[in-house]
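Colleague: For the sequence shown, the numbering used here gives the first residue as 1140, with consecutive numbering after it.
Think of the CB as a built atom: it goes at the ideal place given N, C-alpha and C, for glycine as much as any other residue.
Model, not experiment: these values are computed from the prediction.
Once you've had a glance at the structure underneath, I'll fire off some questions.
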Amino acid sequence: MIERETSLEFDVLVAGAGPAGIAAACTAAESGAKVGVADANPNPGGQIWRMKAAERGEAPHRSDAASRWRVRLKASGATVLSGAEIVANPEPGVLVAETPGGGIALRYKKLVIATGARERFVPFPGWTLPNVMGAGGLQALVKSGLEIDGARVVIAGSGPLLLAVAAYLRHCGARIEAICEQASAKKVHAFARKLALYPAKFWQAASLRTSLFGVRYLYSSWPVAAGGAEKVEWVDISEGGGIRRIDCDYLACGFDLVPNTELAQALGCRLADGFVEVDESMQTSVEGVYCAGEPLGIGGLETALIEGQIAGFAAAGKSARAAALLRDRTKARDFAELLNETFALRDELRRMPADSTLVCRCEDVTFGRLRAQTNWRSAKLQTRCGMGPCQGRVCGPAVEFLFGWQPDSVRPPIFPARIDTLIGSASEEIPAHLTV
1140 MIERETSLEF DVLVAGAGPA GIAAACTAAE SGAKVGVADA NPNPGGQIWR
1190 MKAAERGEAP HRSDAASRWR VRLKASGATV LSGAEIVANP EPGVLVAETP
1240 GGGIALRYKK LVIATGARER FVPFPGWTLP NVMGAGGLQA LVKSGLEIDG
1290 ARVVIAGSGP LLLAVAAYLR HCGARIEAIC EQASAKKVHA FARKLALYPA
1340 KFWQAASLRT SLFGVRYLYS SWPVAAGGAE KVEWVDISEG GGIRRIDCDY
1390 LACGFDLVPN TELAQALGCR LADGFVEVDE SMQTSVEGVY CAGEPLGIGG
1440 LETALIEGQI AGFAAAGKSA RAAALLRDRT KARDFAELLN ETFALRDELR
1490 RMPADSTLVC RCEDVTFGRL RAQTNWRSAK LQTRCGMGPC QGRVCGPAVE
1540 FLFGWQPDSV RPPIFPARID TLIGSASEEI PAHLTV
């Protein structure tokens, strides 16, 4: 039992303030529930709606979807706790969040898990060089103020995220040297033809391609090595059976996304194929615990918003309003499945690492050392892979892809936390900077 903690109580608590979490909070609060939203970031929006540095502190505008949802969230009356990262679940109906000012116990009747996803990294020689990073990570840095005007950027990996990141970086002045898509031209062209069934998606894709006119888009291509003296200076790309070297200042890689299911697992929610299982109301196998967005399957923005609304309505007891959105959810998930089939990672990527390539950067564990192991537990015991500061969030999905190993358990704290938070020596007041 946590003692002496700051304690807040909600009818519905939403874990995560990305699109799914915002949608869930809005619909639940507008339905009359007392709603709280906890998120580790300084502003609501998640990765996809991350605010630019220049926008922080400004009044939101209604010119785009992100701003409209932020305005709606603010008007809903939901309590938003920013800079609050959920680290433990000491007892049913209680989560503990780590904040700069101490721990907070968040008590709830219903919980909506909207923890989103993170980028998957597939190791290759040179992937640990400075300026080699995730595609979404580079975009986030630029939004946070990184100057990229005139920088040469190669973007590699798979899926529409590559186009979105490339378009944004080009708009910010970067020189996009190439977009390297690991999927084949045949698969991508078949996908493009099927976009006719989704007019909004078709025009979105067409707009991105138009904004990237003149940029090389290479099919069946992926990085095999990167090099440079103090930071990345070049990348070798496998293309059509040959190797193409491209000079660059940044290499941004996006090999799909990985759902953040740690909180759901800690609460005992059932998973299937790595994703949280839910019923039509978005309720998990644990009564009163709902889930929406990427933890249910990588589905993108539209799916996250629909599922967030369903979960919010259901958690607030508005089952009829939740049911009215099920047809939209089915259509959105059908498109997500088309994406996943088209851009599934090919087997050749499992051969990218050399024996000397680091897989676990925290504990300096190489691919060669891991090849001698038979499962995730053995790798942890023999090499300490996954036992560093990131707690396997980077190397875990990598070894799952490379070797097919599944994580054996999730233990608290869910994220690194101060000892005083875990033992209950939390502050008696909520710091003013946490609320927005």
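(1) Decide if Ala1205 is buried, meaning its Cβ has at least 16 other Cβ atoms within 10 Å, or exposed.
(2) Nearest-angstrom Cα distance between Leu1497 and Lys1519?
(3) In terms of alpha-carbon separation, which member of Cys1311, Ser1548, Glu1320 lies closest to Leu1285?
(4) According to the neighbour-count rule (16 or more other Cβ atoms, all chains shown, within 10 Å of its Cβ), is Ala1177 buried or exposed?
(5) With a 10 Å radius around its C-beta and 16 neighbouring C-beta atoms as the bar for buried, classify Asp1203 as buried or exposed.
(6) Using a Cβ-Cβ cut-off of 7 Å (strictly less than) and excluding sequence neighbours within five positions of Ala1279, which residues of its own chain qualify?
(7) Counting C-beta neighbours from all protein chains within 10 Å, is the total for Lys1457 16 or more, i.e. buried, or is it exposed?
(8) Please work out which residues of its chain come closer than 6 Å, Cβ to Cβ, to Glu1169, disregarding the five sequence neighbours upstream and downstream, and give them in chain order.
(9) Can you check the segment 1519–1554 for any beta strand (DSSP E) of at least 3 residues that lies completely inside it and give the ranges in chain order?
(10) Using only CA atoms, which one of Ala1403, Ser1297, Gln1343, Asp1386 lies nearest to Ser1360?
(11) Quick check: the segment 1244–1255 against the segment 1338–1348, are at least 3 beta-carbon pairs closer than 8 Å?
(12) Check this for me: beta carbons of Leu1101 and Leu1351, under 8 Å apart or not?
(13) Can you grab the Cα-Cα spacing for the pair Thr1442 / Ala1431, in whole Å?
(14) Extract the residue ranges of the alpha helix (DSSP H) inside the segment 1363–1442, only unbroken runs of 4 or more that lie entirely within it.
(15) Would you kindly check if the distance between the Cβ of Leu1357 and the Cβ of Glu1372 is under 8 Å?
(16) Looking at the strands, I want to know which residues DSSP matches up with Glu1286.
(17) For Cys1392 versus Phe1482, is the C-beta spacing smaller than 8 Å?
(18) Measuring CB to CB, does Ala1154 end up less than 8 Å from Ala1253?
(19) Rounded to whole angstroms, what is the Cα-Cα separation between Val1210 and Ser1221?
(20) Once DSSP output is grouped into helix, strand and coil, what is the label at Pro1570?
(21) Put Ile1315 into one of helix, strand or coil per three-state DSSP.
(22) Just the Cα atoms here: how many angstroms apart are Leu1300 and Gln1448?
(23) Can you name, in chain order, every residue of its own chain whose Cβ lies under 6 Å from the Cβ of Pro1551, other than the five neighbours on each side?
(24) Using a Cβ distance threshold of 8 Å, determine whether the segment 1521–1538 contacts the segment 1499–1510, with at least three qualifying pairs required.
(25) To test your reading of the DSSP string, which unbroken alpha helix (DSSP H) runs of 4 or more residues are found completely within the segment 1203–1282?
Modeller: With the given structure in hand:
(1) buried
(2) 15 Å
(3) Cys1311
(4) buried
(5) exposed
(6) The residues Gln1186, Arg1189, in chain order, have a CB closer than 7 Å to that of Ala1279 in the same chain once the five nearest residues on each side in sequence are set aside.
(7) buried
(8) Ser1215
(9) When DSSP assignments are scanned along the segment 1519–1554, no uninterrupted stretch of beta strand (DSSP E) that is 3 or more residues long falls wholly within it.
(10) Minimum Cα distance to Ser1360 is reached at Ser1297.
(11) no
(12) Nothing about residue 1101 can be read from this structure; the chain reaches only from 1140 to 1575.
(13) 9 Å
(14) 1401–1405
(15) no
(16) Partner residues in a beta bridge of Glu1286, as assigned by DSSP, do not exist.
(17) no
(18) Cβ distance < 8 Å, so Ala1154 and Ala1253 count as in contact.
(19) Rounded to whole angstroms, the gap between the alpha carbons of Val1210 and Ser1221 is 16 Å.
(20) The predicted position of Pro1570 is uncertain, since its pLDDT is 48 and thus under 50; a value taken from the coordinates is nonetheless stated next. Coil at Pro1570, not helix or strand.
(21) In the structure shown, the three-state DSSP call for Ile1315 is strand.
(22) 24 Å
(23) Ala1227
(24) yes
(25) Listed in chain order, the complete alpha helix (DSSP H) runs (minimum 4 residues) inside the segment 1203–1282 are 1204–1215, 1274–1282.
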